[in-house]
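Novice: Quick note, the sequences are listed as chains Y and B, same order.
Heads up, the first sequence is in this note's numbering, so the first residue is 1 and it goes up one at a time.
Heads up, the second sequence is in this note's numbering, so the first residue is 109 and it goes up one at a time.
Each residue gets a CB set at the ideal place from its N, CA and C atoms; glycine is no exception.
2 protein chains.
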Amino acid sequence: MEISDACQAFSALSQTSRLEVLKLLVRAGPAGLAAGKISGALGAPAPTMSFHLKELERAGLILSRKEGRSVIYAADYGGVRDLVDFLLADCCQGDKRLCGPYVIKECA
Amino acid sequence: MEISDACQAFSALSQTSRLEVLKLLVRAGPAGLAAGKISGALGAPAPTMSFHLKELERAGLILSRKEGRSVIYAADYGGVRDLVDFLLADCCQGDKRLCGPYVIKECA
DNA sequence: TCCATATTTCCATAAATATAAAATTATACT
DNA sequence: AGTATAATTTTATATTTATGGAAATATGGA
């Protein structure tokens with residue numbers, strides 16, 4: 001992942017409405033939600049939400065598909081994962097003893 | 109973590125210079141780097157970099173300490189971790205069967 | 001075809017953010 | 001005290017981004 005891609009993704013998340021959209025879609029799961037449901041749920045006018053959804057899609061964080069008259073948006077889990085990985089890549093020059101306790105999750 | 113905190117953190121990362129700073133500090137490890145070294149390494153004037161460093165610190169992504177005349181900045185691994193966790197909290201309403209393959213990392 | 005619904009594009013305005021020069025503060029050394 | 005170094009604050013300007021009304025596009029049903 002290029003730094004400009006990561007930057008665009010973080011930029012997409014740097015706005016309350018858009019962050020709320022992603023959280024909503026992460027909660028909703030792969031089934032996703034229609035654009036109208038999203039703008040309704042978050043109380044934003046349709047044009048405003050359309051602008052934000054396009055931004056999130058351009059950033060590779062959500063996906064869209066058409067179903068009848070609706071456009072269904074869903075979280076792009078792969079994209080989110082790539083972004084997280086980018087942030088911690090090459091951590092401590094590869095020496096995980098330095099930061100491991102802070103960064104590595106216990107596994108179940 | 110409040111959504112406004114997460115938003116502020118993503119906002120801090122939504123800018124190439126600042127994202128480069130965090131990557132640089134993540135690579136540098138807990139020892140960190142002096143403000144002057146950072147602005148030198150990234151080719152930005154001191155006031156500009158000072159503005160960006162303050163932004164990253166305010167967002168809880170880096171820490172600073174004074175050493176003589178220098179101010180040493182280092183990645184705040186706990187803060188980064190909290191941010192990542194926020195993004196995927198309550199994923200698929202807790203049913204990891206839906207998105208697990210995309211989100212959960214294999215453990216070594 | 002005509003109408004209602006769903007969403008987007010266009011556009012103008014408002015608001016937030018980045019940049020860097022100049023001035024300021026703080027520390028160390030002689 | 002005097003001087004050099006390190007970093008920050010102040011300030012003004014330039015740039016980017018968000019917002020939502022009005023108009024346009026696309027689909028499905030009567």
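1) Determine the extent of the beta strand (DSSP E) in which B/Arg173 is found, giving its start and end residues.
2) Per DSSP, which residues does Y/Ala73 bridge with? Please list them.
3) Less than 7 Å separating the beta-carbons of Y/Ala138 and Y/Gly32?
4) Report all residues from its chain with a CB closer than 7 Å to the CB of Y/Ala12; omit the five preceding and five following residues, and keep chain order.
5) Please list, in chain order, all residues of the same chain as Y/Asp90 whose beta carbon is under 6 Å from its beta carbon, the five residues on each side excluded.
6) Measuring alpha carbon to alpha carbon, tell me which of Y/Leu88, Y/Leu25, Y/Asp82 and Y/Phe86 ends up nearest Y/Ala41.
7) Which residues in chain Y have a C-beta closer than 8 Å to the C-beta of B/Glu156? List them in chain order.
8) DSSP three-state label for Y/Leu24, please.
9) Take Y/Ala9 and list the residues in its own chain whose beta-carbon comes closer than 7 Å to its own, dropping the five residues that flank it on each side.
10) Between B/Ile111 and Y/Glu20, how many whole angstroms is the CB-CB distance? I'm expecting something under 8 Å.
11) Could you tell me which chain Y residues have their CB closer than 9 Å to the CB of B/Leu150, listed as they occur along the chain?
12) Tell me whether B/Gly202 is buried or exposed, calling it buried when 16 or more other Cβ atoms sit within 10 Å of its Cβ.
13) Excluding the five sequence neighbours on either side, which residues of its own chain have a C-beta within less than 8 Å of the C-beta of B/His160, listed in chain order?
14) How big is the Cα-Cα spacing for B/Ala114 and B/Phe194?
15) Counting only beta-carbon separations shorter than 7 Å, does Y/Phe51 have a partner in chain B?
16) For a quick check, are the C-beta atoms of Y/Ile146 and Y/Arg65 less than 7 Å apart?
17) Quick check on the burial criterion: 16 or more other C-beta atoms within 10 angstroms. Buried or exposed for B/Lys213?
18) Just to confirm my understanding: we take Y/Thr48, look at its own chain, exclude 5 residues before and 5 after, and list those with CB closer than 8 Å. What are they?
19) Residues in its own chain within less than 8 Å of Y/Met1 by CB, not counting five upstream and five downstream?
20) Run the CB neighbour count on B/Ala154, radius 10 Å, all protein chains shown included, and call it buried at 16 or more, exposed below.
21) Go through its chain and collect everything with a Cβ distance to Y/Cys107's Cβ below 6 Å, but skip five positions before and after it.
Specialist: Result, derived from the coordinates:
1) Locating residue 173 of chain B in the second sequence gives position 65, where the first residue counts as 1. Run containing B/Arg173: Ile170 to Glu175, per the beta strand (DSSP E) assignment.
2) Position 73 of the first sequence, counted from the start, is the residue given in the question as residue 73 of chain Y. Position check: residue 73 of chain Y holds Tyr in this sequence, whereas Ala was assumed. In the DSSP output, where bridge partners are listed per residue, Y/Tyr73 has Y/Leu33 and Y/Ser64.
3) What is shown of chain Y runs 1 to 108, which leaves residue 138 of chain Y out entirely.
4) Mapped onto the first sequence, residue 12 of chain Y falls at position 12. Within the same chain, Y/Ala12 has close Cβ partners Arg18, Glu55, Leu56, Ala59 and Leu61.
5) The residue given as residue 90 of chain Y occupies position 90 in the first sequence. Nothing meets the Cβ criterion.
6) Taking the first residue of the first sequence as position 1, residue 41 of chain Y is located at position 41. When each option's Cα is compared against that of Y/Ala41, the closest is Y/Leu25.
7) Mapped onto the second sequence, residue 156 of chain B falls at position 48. The displayed chain sequence assigns Thr, not Glu, to residue 156 of chain B. None at all; the shortest Cβ gap to chain Y is about 17 Å.
8) Translated into positions along the first sequence, residue 24 of chain Y becomes position 24. Helix, per DSSP.
9) Your numbering for residue 9 of chain Y matches position 9 in the first sequence. These residues qualify, in order along the chain: Ala59, Gly60, Leu61 and Leu83.
10) Locating residue 111 of chain B in the second sequence gives position 3, where the first residue counts as 1. Locating residue 20 of chain Y in the first sequence gives position 20, where the first residue counts as 1. That belief holds up - the Cβ atoms of B/Ile111 and Y/Glu20 are roughly 7 Å apart, short of 8 Å.
11) The residue labelled residue 150 of chain B in the question sits at position 42 within the second sequence. Under the 9 Å cutoff, chain Y gives no residues; its nearest Cβ is about 12 Å from B/Leu150.
12) Position 94 of the second sequence, counted from the start, is the residue given in the question as residue 202 of chain B. Under this definition B/Gly202 is an exposed residue.
13) In the second sequence, the residue the question calls residue 160 of chain B occupies position 52. Cβ within range, chain order: Gln123, Ser125, Arg126, Val129 and Ala152.
14) On the second sequence, residue 114 of chain B is found 6 positions in, with the first residue counted as 1. On the second sequence, residue 194 of chain B is found 86 positions in, with the first residue counted as 1. Approximately 7 Å between the Cα atoms of the pair.
15) Position 51 of the first sequence, counting from 1, holds the residue named residue 51 of chain Y. So no, Y/Phe51 is outside the interface.
16) Beyond the ends of chain Y as shown, which are 1 and 108, falls residue 146 of chain Y; an answer cannot be given.
17) In the second sequence, counting from the first residue as 1, residue 213 of chain B sits at position 105. With a pLDDT of 48 at B/Lys213, under the threshold of 50, the modelled position of that residue is not reliable, and the figure given next carries that caveat. Burial call: exposed.
18) Here residue 48 of chain Y refers to the residue found at position 48 of the first sequence. Once the five neighbours on either side are set aside, the close Cβ partners of Y/Thr48 are Ser17 and Ser39.
19) Numbered from 1 along the first sequence, position 1 holds the residue referred to as residue 1 of chain Y. For Y/Met1, where only same-chain residues beyond five positions count, the Cβ hits under 8 Å are Asp82, Leu83, Asp85 and Phe86.
20) Your numbering for residue 154 of chain B matches position 46 in the second sequence. Looking at its Cβ environment, which holds fewer than 16 other Cβ atoms inside 10 Å, B/Ala154 is exposed.
21) Working through the first sequence from its first residue, we reach residue 107 of chain Y at position 107. Since pLDDT at Y/Cys107 reaches only 34, below the 50 mark, its modelled position is unreliable, and no value is offered.
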